[in-house]
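Colleague: With full-length UniProt numbering applied, the sequence shown closes on residue 307, and no number is skipped along the way.
Glycine is no exception: its CB is placed at the ideal position from the N, C-alpha and C atoms.
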Amino acid sequence: MFNHEGSHLRNELAGYIEKYTGMDGTYSTPISALHFIRASSETELVHTIHEPALCIVVQGRKLIMLAQECYVYDPSSYLVVSLQLPISGQVIQAAPERPYLCLRLDFDKHQIFELIKSGQETPPKKSGSPKALFVSPMNQALLDAVVRLVRLLDAPEDIPVLAPLFTKEILYRILQAEQGQSLKQFAVSGSHAQRIAAAAQLIERDYNQPLHIAKLSAAVNMSPSSLHHHFKEITALSPLQYQKQIRLQEARRLLLSETSAAADAGFQVGYESPTQFNREYARMFGLPPIRDIKRLRDSLDFGTHGT
1 MFNHEGSHLR
11 NELAGYIEKY
21 TGMDGTYSTP
31 ISALHFIRAS
41 SETELVHTIH
51 EPALCIVVQG
61 RKLIMLAQEC
71 YVYDPSSYLV
81 VSLQLPISGQ
91 VIQAAPERPY
101 LCLRLDFDKH
111 QIFELIKSGQ
121 ETPPKKSGSP
131 KALFVSPMNQ
141 ALLDAVVRLV
151 RLLDAPEDIP
161 VLAPLFTKEI
171 LYRILQAEQG
181 QSLKQFAVSG
191 SHAQRIAAAA
201 QLIERDYNQP
211 LHIAKLSAAV
221 NMSPSSLHHH
231 FKEITALSPL
241 QYQKQIRLQE
251 ARRLLLSETS
261 AAADAGFQVG
271 YESPTQFNRE
281 YARMFGLPPI
291 RDIKRLRDSL
301 DFGTHGT
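This is the structure:
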């Protein structure tokens, strides 16, 4: 439970997010890795490829789905995504008088590695496969560090020097928390987590090419069975399922941003059969491609709500 100071810090964060948003949507800030999200009503399920980040809900509640796993977080907790993941998100608590307010701080494994290398954080202990996504209870030390980072928006001349320091402290606080061990492993060369992160990066890079498990496992120095096991443990998806979701997300982006026909979009992302593409697209997004894109284009706020 938070004391009075914790509640005050949350209210201060809410004030900053309202000040720098004003309307529903996702907003960048003068701190390049920091983004604010606002929604005045509950949303439909939004599919996205989520980059590594810390996400903190200041007001409201969010549901995140990764394959068959569901996570809910609110002001009492925070979400960490350790590698690129195809996830679905839905604001499940928001109202005009009390909107959903969230901040996202992007980071990469090199920042974690530097903390460990500098001796400011202990190396990870050997353990089972970590999760690429986790929700942890919020603590006041982390919240305090986040507020100090956000306050820099009022002192832009301090951002170049102090933002990297406060971000480093935020990552340190996450690593010190109960599930920090999971995050550490993604930064350590040779760990299962690091190899799976490399495999995921290769799949994403060549998502429109046939996936050869033997070649992929050799590239990350794992056996095919070990790759499949640890990939599923860490991402909740098999390598093929991961590729399929990347392909379908990209096809949807192509259809929204261009005048591509459904068959052309399917072909561009690696599908040889339009029938298979239409079937798998509808299974993931709820409607066949053309109807889904029409629904999105008819919506005034499609794609505006981030995690």
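Find the nearest neighbour of P30 within the set T43, Q241, L296 and R151, judged by alpha-carbon distance.
Modeller: Comparing Cα positions, the closest option is R151.
Colleague: With three or more beta-carbon pairs closer than 8 Å as the criterion, would you say the stretch 95 to 110 touches the stretch 211 to 229?
Modeller: Taking 8 Å as the limit for Cβ pairs, the verdict is that the stretch 211 to 229 does not touch the stretch 95 to 110.
Colleague: Hey, L115 and Y172 are a contact pair by Cβ (cut 8 Å); roughly how many whole angstroms apart?
Modeller: So it is a contact: roughly 6 Å between Cβ atoms.
Colleague: Do the CB positions of I17 and F36 come within less than 8 Å of each other?
Modeller: In this structure, F36 lies closer than 8 Å to I17 by Cβ.
Colleague: Shortest alpha-carbon distance to D154 belongs to which of Y20, G6, D292 and R297?
Modeller: Nearest option by C-alpha distance: Y20.
Colleague: Under 7 Å Cβ to Cβ from F302, same chain only, skipping five residues before and after it: list those, please.
Modeller: Caution applies to F302, whose pLDDT of 42 falls short of 50 and renders its modelled position unreliable; the model cannot decide the point.
Colleague: Compute the Euclidean distance between the alpha carbons of S226 and G190, then round it to the nearest angstrom.
Modeller: Spanning the two alpha carbons is a distance of roughly 14 Å.
Colleague: Whose CA, out of A199, Q194 and V147, lies closest to the CA of A14?
Modeller: The shortest Cα separation from A14 among A199, Q194 and V147 belongs to V147.
Colleague: Within the 8 Å Cβ cut-off, does K19 reach chain D?
Modeller: Absent from the structure: chain D. Only one protein chain is present.
Colleague: Taking all protein chains shown into account, decide if C102 is buried (16 or more other Cβ within 10 angstroms of its Cβ) or exposed.
Modeller: It is buried - the Cβ of C102 has at least 16 other Cβ atoms within 10 Å.
Colleague: Taking contact to mean at least 3 C-beta pairs separated by less than 8 Å, is the stretch 84 to 96 in contact with the stretch 58 to 68?
Modeller: Contact holds: three or more Cβ-Cβ distances are below 8 Å.
Colleague: On the criterion of 16 or more Cβ atoms from any shown chain inside 10 Å, does T167 qualify as buried, or is it exposed?
Modeller: Buried, because 16 or more other Cβ atoms sit within 10 Å of the Cβ of T167.
Colleague: Put P86 into one of helix, strand or coil per three-state DSSP.
Modeller: Strand at P86.
Colleague: Excluding the 5 residues flanking Q179 on each side, which residues of the same chain have their C-beta closer than 6 Å to its C-beta?
Modeller: If we look at Q179 and ignore the five residues flanking it on each side, its Cβ neighbours are F134 and S136.
Colleague: Counting pairs of beta carbons, one from the stretch 192 to 200 and one from the stretch 66 to 77, are three or more of them closer than 8 Å?
Modeller: Segments in contact, no.
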